[in-house]
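Residue numbers (my numbering): 160 to 250.
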């Protein structure tokens, strides 16, 4: 498995451990479910991005960074669909 993906998984697990210690059980369960869905989408996006050249990957990630900044780092802005990725590469 790619080192970047392993690192991402490690960070996500650490964040969940902190949330488990700080939240009520029901709050934690809800947050964990939402996080798992988001993480799955992000991993799928990473797999799609890896199909492109390093130059295209840089452009995609820069676009994603700008999108996150403009959304004040709202996690919902951390996902690009395969169609959005393709559109970015074609520009």
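Cβ atoms here follow ideal geometry from the backbone N, Cα and C, with glycine treated the same way.
Note that the C-beta distance between residue 227 and residue 237 is below 9 Å. The criterion of a C-beta distance shorter than 9 Å is not satisfied by residue 177 and residue 219. Under the three-state reduction of DSSP output, residue 167 falls in the helix class. Here the alpha carbons of residue 235 and residue 168 stand approximately 18 Å from one another. With respect to the 9 Å criterion, residue 197 and residue 164 are not classified as neighbours on the basis of their beta carbons.
Between residue 243 and residue 162, the alpha-carbon positions lie close to 25 Å from each other. With respect to the 9 Å criterion, residue 194 and residue 175 are classified as neighbours on the basis of their beta carbons. In this structure residue 239 is in contact with residue 204, their Cβ atoms being roughly 6 Å apart against a cut-off of 8 Å.
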